[in-house]
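**Student:**
2 protein chains.
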Amino acid sequence: MQFTSEQRLDDGIIEREFTLGEIPGTLWTPAAAGSADSAAPTPLILMSHNGGLHRREPRLIARARQSAACGYAVAAIDAPGHGDRPRSAADDQARAELRRAMTAGEPVDEIFESFIGPLVEKTVPEWQTTLDALLTLPGITGPVGYGGWTAVGIRLAAVDPRITAAGFFAGGYVPRAQREEARQVTIPLLFLLQWDDEGNPRQRALDLFDAFGSREKTLHANLGGHTGTPWFEVEDGNRFFDRHLK
Amino acid sequence: MQFTSEQRLDDGIIEREFTLGEIPGTLWTPAAAGSADSAAPTPLILMSHNGGLHRREPRLIARARQSAACGYAVAAIDAPGHGDRPRSAADDQARAELRRAMTAGEPVDEIFESFIGPLVEKTVPEWQTTLDALLTLPGITGPVGYGGWTAVGIRLAAVDPRITAAGFFAGGYVPRAQREEARQVTIPLLFLLQWDDEGNPRQRALDLFDAFGSREKTLHANLGGHTGTPWFEVEDGNRFFDRHLK
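One line per chain: the protein sequences are S and Z, in this order. With the numbering used here, the residue at position 155 of the first sequence is 224, and numbering never jumps. With the numbering used here, the residue at position 47 of the second sequence is 116, and numbering never jumps.
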């Protein structure tokens, strides 16, 4: 893990850009984390995004900084085809077709299987490699939580026992493999649902929530479309992590 | 409104028993509320319960005290047939039949219409009379929120513009009249659902959440039966009221 830049933000949070092989990422840490005079452990949140977004999208940065202000180290990486990563013409075409079909209300399962399915397969090992590296840094002790992209989170929570709690965002559509793996997820969950999410059918999201094997799982649903999640859910998410990571 | 007892609890909260005509109630207020040296307004939460329970049920008292510790005046009354109120043999029989039918998984709509429907009709005016009296007390200024029994809350929020925000508890079953009135409710809502609530069918609760006219409404669902709501939902409820009443 090579750090390529470091700055102290006005709220005292340290923001560092890194690369790990071909994976670009950002790490936000509370001011005290890893300093010689701090013996306090710093739990870690892996903040994962999909949709071809850049990890430096303003609302993703705002979420990361809010969690860092609550005492968490927060890491974001750009998955293949996202942000700073090369993006193929085939990727662009698949995303465009996915958006078109969703907007038209057509079935998207097959596009999901052929495009998102393999992306999950590639992204999960990258998160595990990133986690290996993050946990060697001074002051970043874990425990480790996961927040964001549902399909990747399901696989990661199913295969990596270091993940202690997870917040999943509005994932009605996940590939078939993750629908099956949901019952293998047994850690505490906070599942966020946007009630009118144009891209994630409500009933499928409710069915997915029902399928998780966790004994402690909470669903939060709010009115509005995919990007309309109210800000107080970010605060609720941090309190969820407070209950399980601190 | 006649106060019949007053005590200061060890957390500084003042707990007063009252009667208002034939209505028995309890009022919890933060230590500072209404004192000569406090100019701060004290918002009010009407904490409503059903199920024939007594307002002094330990988990109801714990909820009230938690809200009072957050700066709210909290009032509870025993509705007709509840707690300190006279209860007829017919009431007892109707409740027993309702429980039996729910446990047996039989349809309970007709018992609901004939028993709960009229109880809602009687209880709502009692809450309004109680609210009139509470708002004349020194230091209790409002704004006013409502928490608890769903059917009574729907009617109250539909007819009384003093109610500014409401938290509804696990009400899949409400009488037909309240299913219709739900679209007239337009205040911010927090709707609590127990995912495995033996007495409130999940799909009906989801349909009710969908029906409310409010533009700002949030659903929280947790695993477990009717009385299994985790304690952190009490804290979430107070933060919901903080956003709308303070």
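Just so it is clear, CB atoms sit at the ideal spot from N, CA and C, and this is done for glycine as well.
In chain order, what residues of the same chain lie with their CB nearer than 7 Å to the CB of L89 (chain Z), ignoring the 5 residues before and after it?
**Tutor:** On the second sequence, position 20 is the one that residue 89 (chain Z) refers to. Closer than 7 Å at Cβ, skipping near neighbours: M70, T198, T199, A202.
**Student:** Is E56 (chain S) buried or exposed, if buried means 16 or more other CB atoms sit within 10 Å of its CB?
**Tutor:** Residue 56 (chain S) is absent from the model: chain S starts at 70 and stops at 315.
**Student:** Got a sec, what are the start and stop residues for the alpha helix (DSSP H) P187 (chain S) sits in?
**Tutor:** Translated into positions along the first sequence, residue 187 (chain S) becomes position 118. Here the alpha helix (DSSP H) through P187 (chain S) covers 186-203.
**Student:** Count the other C-beta atoms from every protein chain shown that fall within 10 angstroms of the C-beta of E39 (chain S), then say buried if there are 16 or more, exposed otherwise.
**Tutor:** Examination of residue 39 (chain S) is not possible in this model, given that chain S is present from 70 through 315 alone.
**Student:** If we call anything under 8 Å between Cβ atoms a contact, is D147 (chain Z) one with R154 (chain Z)?
**Tutor:** Counting from 1 along the second sequence, the entry for residue 147 (chain Z) is found at position 78. Counting from 1 along the second sequence, the entry for residue 154 (chain Z) is found at position 85. Contact flag set, yes.
**Student:** Could you tell me the alpha carbon to alpha carbon distance between T73 (chain S) and R85 (chain S), rounded to whole angstroms?
**Tutor:** In the first sequence, the residue the question calls residue 73 (chain S) occupies position 4. In the first sequence, the residue the question calls residue 85 (chain S) occupies position 16. Those two C-alpha atoms are separated by around 7 Å.
**Student:** Could you tell me the alpha carbon to alpha carbon distance between R169 (chain Z) and N307 (chain S), rounded to whole angstroms?
**Tutor:** Here residue 169 (chain Z) corresponds to residue number 100 of the second sequence, with the count starting at 1. Here residue 307 (chain S) corresponds to residue number 238 of the first sequence, with the count starting at 1. Rounded to whole angstroms, R169 (chain Z) to N307 (chain S) spans 42 Å at the Cα level.
**Student:** Drop a sphere of 10 angstroms on the beta-carbon of V228 (chain S), count the other beta-carbons inside from all chains shown, and report buried for 16 or more, exposed for fewer.
**Tutor:** Locating residue 228 (chain S) in the first sequence gives position 159, counting from the first residue. Under this definition V228 (chain S) is an exposed residue.
**Student:** Alpha helix (DSSP H) containing H289 (chain S): first to last residue?
**Tutor:** As a position in the first sequence, residue 289 (chain S) is number 220, starting the count at 1. Counting along the chain, H289 (chain S) falls outside any alpha helix (DSSP H), though it belongs to the beta strand (DSSP E) covering 286-291.
**Student:** Of all the residues that make up the region 277-291 of chain S, which are near chain Z by a beta-carbon distance shorter than 9 Å?
**Tutor:** So the list reads F278, D279, S283, R284, E285, K286, T287, L288, H289, A290, N291, given in the order they occur along the chain.
**Student:** Just to confirm my understanding: we take G140 (chain S), look at its own chain, exclude 5 residues before and 5 after, and list those with CB closer than 6 Å. What are they?
**Tutor:** For the purposes of this step, residue 140 (chain S) is taken as the residue at position 71 of the first sequence. Once the five neighbours on either side are set aside, the close Cβ partners of G140 (chain S) are P99.
**Student:** Ignoring anything shorter than 4 residues, give me the alpha helix (DSSP H) runs that lie fully in the region 247-312 of chain Z, in order along the chain.
**Tutor:** For the region 247-312 of chain Z, whole alpha helix (DSSP H) runs of length 4 or above, ordered along the chain, are 271-280.
**Student:** Is E86 (chain S) helix, strand or coil by DSSP?
**Tutor:** Here residue 86 (chain S) refers to the residue found at position 17 when the first sequence is read from its first residue. Three-state DSSP puts E86 (chain S) in a strand.
**Student:** CA-CA distance, G246 (chain S) and A251 (chain Z)?
**Tutor:** Against the first sequence, residue 246 (chain S) aligns to sequence position 177. Against the second sequence, residue 251 (chain Z) aligns to sequence position 182. According to the sequence provided, residue 246 (chain S) is Ala. The question's Gly does not apply to it. Taking the straight line joining both Cα atoms gives about 39 Å.
**Student:** Out of curiosity, what's the CA-to-CA distance linking G217 (chain Z) and L258 (chain Z)?
**Tutor:** For the purposes of this step, residue 217 (chain Z) is identified with residue 148 of the second sequence, where counting begins at 1. For the purposes of this step, residue 258 (chain Z) is identified with residue 189 of the second sequence, where counting begins at 1. Cα-Cα distance, rounded: 12 Å.
**Student:** Hey, does D305 (chain S) have any beta-carbon neighbour from chain Z nearer than 8 Å?
**Tutor:** By 1-based counting over the first sequence, the position of residue 305 (chain S) is 236. So yes, D305 (chain S) belongs to the interface.
**Student:** In the DSSP assignment, find the unbroken beta strand (DSSP E) run with P93 (chain S) in it and report its ends.
**Tutor:** Counting from one through the first sequence, the residue named residue 93 (chain S) turns up at place 24. Run containing P93 (chain S): 92-98, per the beta strand (DSSP E) assignment.
**Student:** At least one CB of chain Z closer than 8 Å to the CB of F237 (chain S): is that the case?
**Tutor:** Along the first sequence, read from residue 1 onward, the residue named residue 237 (chain S) stands at position 168. It does not: the Cβ of F237 (chain S) has no partner Cβ on chain Z nearer than 8 Å.
**Student:** Pull up the distance between the alpha-carbon of P212 (chain Z) and that of D161 (chain Z), whole angstroms please.
**Tutor:** Within the second sequence, numbered from 1, the residue matching residue 212 (chain Z) stands at position 143. Within the second sequence, numbered from 1, the residue matching residue 161 (chain Z) stands at position 92. Taking the straight line from one Cα to the other gives about 36 Å.
**Student:** Name the chain Z residues that come within less than 8 Å of F301 (chain S), Cβ to Cβ?
**Tutor:** Along the first sequence, one-based indexing puts residue 301 (chain S) at 232. By Cβ distance, chain Z contributes R308, R312.
**Student:** Run through DSSP, which three-state label would G222 (chain S) get?
**Tutor:** As a working mapping, residue 222 (chain S) is identified with position 153 in the first sequence. G222 (chain S): helix per DSSP, three-state reduction.
**Student:** Assuming S117 (chain S) and Y215 (chain S) make a contact with CB atoms under 8 Å, what is their CB distance in whole Å?
**Tutor:** Looking up residue 117 (chain S) in the first sequence gives position 48. Looking up residue 215 (chain S) in the first sequence gives position 146. About 7 Å; that satisfies the 8 Å criterion.
**Student:** Which residues in the same chain have their Cβ closer than 8 Å to the Cβ of T172 (chain S), if we skip the five residues on either side of it in sequence?
**Tutor:** As a position in the first sequence, residue 172 (chain S) is number 103, starting the count at 1. Excluding residues within five positions, the ones whose Cβ falls inside 8 Å are E267.
**Student:** Once DSSP output is grouped into helix, strand and coil, what is the label at P112 (chain S)?
**Tutor:** On the first sequence, residue 112 (chain S) is found 43 positions in, with the first residue counted as 1. In this structure, P112 (chain S) counts as strand in the three-state DSSP scheme.
**Student:** Look up P212 (chain Z) in the DSSP assignment and say whether it is helix, strand or coil.
**Tutor:** Taking the second sequence and counting its residues from 1, one reaches residue 212 (chain Z) at position 143. Three-state result, P212 (chain Z): strand.
**Student:** Who pairs with G120 (chain Z) in a beta bridge, going by DSSP?
**Tutor:** In the second sequence, counting from the first residue as 1, residue 120 (chain Z) sits at position 51. Partner(s): none; G120 (chain Z) has no beta bridge.
**Student:** Output the boundary residues of the beta strand (DSSP E) element that contains E75 (chain Z).
**Tutor:** Residue mapping note: residue 75 (chain Z) aligns to position 6 of the second sequence, counting from 1. Taken as a continuous stretch (DSSP letters only), the beta strand (DSSP E) holding E75 (chain Z) covers 71-77.
**Student:** Which residues mark the beginning and the end of the alpha helix (DSSP H) in which A138 (chain S) is found?
**Tutor:** Taking the first sequence and counting its residues from 1, one reaches residue 138 (chain S) at position 69. Counting along the chain, the alpha helix (DSSP H) containing A138 (chain S) begins and ends at 127-138.
**Student:** If we count the other Cβ atoms within 10 Å of its Cβ and call it buried at 16 or more, is D305 (chain S) buried or exposed?
**Tutor:** Here the question's residue 305 (chain S) lines up with position 236 in the first sequence. Result: buried.
**Student:** Is the beta carbon of A226 (chain Z) sitting closer than 8 Å to the one on V254 (chain Z)?
**Tutor:** For the purposes of this step, residue 226 (chain Z) is identified with residue 157 of the second sequence, where counting begins at 1. For the purposes of this step, residue 254 (chain Z) is identified with residue 185 of the second sequence, where counting begins at 1. In this structure, V254 (chain Z) lies closer than 8 Å to A226 (chain Z) by Cβ.
**Student:** Let me check understanding here. Comparing Cα to Cα, which of S:R224, S:Q263, S:A290, S:I130 lies closest to T296 (chain S)?
**Tutor:** Looking up residue 296 (chain S) in the first sequence gives position 227. Selected option, being the one with the closest Cα: S:Q263.
**Student:** Counting along the chain, where does the alpha helix (DSSP H) carrying A145 (chain Z) start and finish?
**Tutor:** Looking up residue 145 (chain Z) in the second sequence gives position 76. Looking at the DSSP string, A145 (chain Z) is not in any alpha helix (DSSP H); the run it does join, the beta strand (DSSP E), is 142-146.
**Student:** In three-state terms, what does DSSP make of A173 (chain S)?
**Tutor:** Within the first sequence, residue 173 (chain S) is the residue found at index 104, counting from 1. In this structure, A173 (chain S) counts as coil in the three-state DSSP scheme.
**Student:** The ligand FAD and A158 (chain Z): does the residue's C-beta get closer than 7 Å to at least one heavy atom of that ligand?
**Tutor:** Among the components of this structure there are no ligands whatsoever, and the ligand FAD is therefore not found.
**Student:** Are the Cβ atoms of L188 (chain S) and G150 (chain S) separated by less than 8 Å?
**Tutor:** The residue given as residue 188 (chain S) occupies position 119 in the first sequence. The residue given as residue 150 (chain S) occupies position 81 in the first sequence. In this structure, G150 (chain S) lies closer than 8 Å to L188 (chain S) by Cβ.
**Student:** Could you check the C-alpha separation between R134 (chain Z) and D265 (chain Z) for me, to the nearest Å?
**Tutor:** By 1-based counting over the second sequence, the position of residue 134 (chain Z) is 65. By 1-based counting over the second sequence, the position of residue 265 (chain Z) is 196. C-alpha separation (whole angstroms): 27 Å.
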